[in-house]
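Number of protein chains: 2
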Amino acid sequence: MAVQDAMDVLYGKWNIAILSAIGFYNKRSVYDISNDVGGISNKMLSKELKELEINMLITRTVLNTKPVTVQYQLTEHGNTLRTIIDNLTDWGKEHRVKIIGK
Amino acid sequence: MAVQDAMDVLYGKWNIAILSAIGFYNKRSVYDISNDVGGISNKMLSKELKELEINMLITRTVLNTKPVTVQYQLTEHGNTLRTIIDNLTDWGKEHRVKIIGK
DNA sequence: CAGTATCCGAGTAGATACTG
DNA sequence: CAGTATCTACTCGGATACTG
Numbered sequence: 162m163a164v165q166d167a168m169d170v171l172y173g174k175w176n177i178a179i180l181s182a183i184g185f186y187n188k189r190s191v192y193d194i195s196n197d198v199g200g201i202s203n204k205m206l207s208k209e210l211k212e213l214e215i216n217m218l219i220t221r222t223v224l225n226t227k228p229v230t231v232q233y234q235l236t237e238h239g240n241t242l243r244t245i246i247d248n249l250t251d252w253g254k255e256h257r258v259k260i261i262g263k
Numbered sequence: 162m163a164v165q166d167a168m169d170v171l172y173g174k175w176n177i178a179i180l181s182a183i184g185f186y187n188k189r190s191v192y193d194i195s196n197d198v199g200g201i202s203n204k205m206l207s208k209e210l211k212e213l214e215i216n217m218l219i220t221r222t223v224l225n226t227k228p229v230t231v232q233y234q235l236t237e238h239g240n241t242l243r244t245i246i247d248n249l250t251d252w253g254k255e256h257r258v259k260i261i262g263k
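Shown next, in the form of structure tokens:
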């Protein structure tokens with residue numbers, strides 16, 4: 162099922178939060194992303210960023226600063242995913258009202 | 162994040178497949194769902210159906226047959242989720258073409 | 001700052017056997 | 001047929017310490 166290809170990308174405790182953190186401002190350092198997401202470990206952030214890059218949702222740029230800075234930003238493909246995330250967010254809100262009760 | 166409320170429902174190896182199996186025909190027995198999904202164990206199917214019911218996405222009806230038959234069908238709320246799944250499926254197809262290459 | 005390696009606990013899911 | 005119980009294996013994610 163094709164839907165599983167999408168779920169592979171979306172799934173994970175941090176994936177969507179990271180995409181949102183990058184997407185809102187565009188061009189973020191690992192440090193900034195880490196702060197925005199909050200509570201994520203170095204290992205997880207690093208791992209997820211790598212996967213997102215492989216999936217062509219974000220690009221990675223190394224800057225010649227000292228110490229090194231690495232910038233991430235959404236690709237065009239990554240931006241198309243944001244629409245989906247928005248839809249999911251809307252549905253999630255409705256669902257929460259219905260099930261959890263506000 | 163509200164999107165996580167949606168992901169809680171969508172996540173899992175079988176969740177979406179089960180919803181699709183029920184949704185296409187509406188009113189399915191456990192036996193039918195199991196056949197449609199394919200490869201799912203009794204334990205998993207049972208567990209997922211229970212969760213979906215708690216989340217008010219499906220309803221459970223016990224029929225007075227012998228042996229017992231149980232019918233599941235999507236609720237209205239469950240149907241709103243199908244739109245999301247369709248979107249995810251479309252995105253998944255694009256993604257597959259882009260990344261995996263058809 | 002960015003990234004990697006290791007160790008460990010908790011949760012997820014499979015196989016199998018069983019009840020009504 | 002529908003559902004439960006048990007036992008086991010594997011993956012996920014957190015904590016920590018380390019390199020350039």
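Line order of the protein sequences matches chains Y and F. Okay, so the first sequence: first residue is 162 according to the numbering used here, each after it adds one. Okay, so the second sequence: first residue is 162 according to the numbering used here, each after it adds one. Glycine included, every Cβ here is placed at the ideal spot set by N, Cα and C. Keep in mind the model is a prediction, meaning the values are calculated, not measured.
Any idea what DSSP makes of residue i, helix, strand or coil?
{"i": "K263(F)", "result": "Here the model assigns K263(F) a pLDDT of 49, short of 50, so the residue's position is not dependable and the matter cannot be decided."}
{"i": "L249(F)", "result": "helix"}
{"i": "G200(F)", "result": "coil"}
{"i": "K227(F)", "result": "coil"}
Check whether the Cβ atoms of residue i and residue j lie closer than 8 Å to each other.
{"i": "W252(Y)", "j": "L249(F)", "result": "no"}
{"i": "T236(Y)", "j": "L224(Y)", "result": "no"}
{"i": "V231(F)", "j": "V191(F)", "result": "yes"}
{"i": "T220(F)", "j": "Y233(F)", "result": "yes"}
{"i": "L180(F)", "j": "G262(F)", "result": "no"}
{"i": "V164(F)", "j": "I246(Y)", "result": "yes"}
{"i": "D166(F)", "j": "R257(Y)", "result": "yes"}
{"i": "N216(Y)", "j": "I201(F)", "result": "no"}
{"i": "Y172(Y)", "j": "Y172(F)", "result": "yes"}
In the DSSP assignment, what are the bridge partners of residue i?
{"i": "V191(Y)", "result": "Its beta-bridge partners do not exist; DSSP assigns none."}
{"i": "T220(Y)", "result": "Q234(Y)"}
What residue range is occupied by the uninterrupted alpha helix (DSSP H) comprising residue i?
{"i": "G184(F)", "result": "176-186"}
{"i": "N203(F)", "result": "203-215"}
{"i": "V170(F)", "result": "163-171"}
Is any heavy atom of the ligand NAD found at a distance shorter than 7 Å from the C-beta of residue i?
{"i": "A167(Y)", "result": "By its list of ligands, the structure shown contains no ligand whatsoever, and the ligand NAD lies outside what it can speak to."}
Check whether the segment 207-215 of chain F and the segment 170-179 of chain F touch, using three or more Cβ-Cβ pairs below 8 Å as the test.
yes
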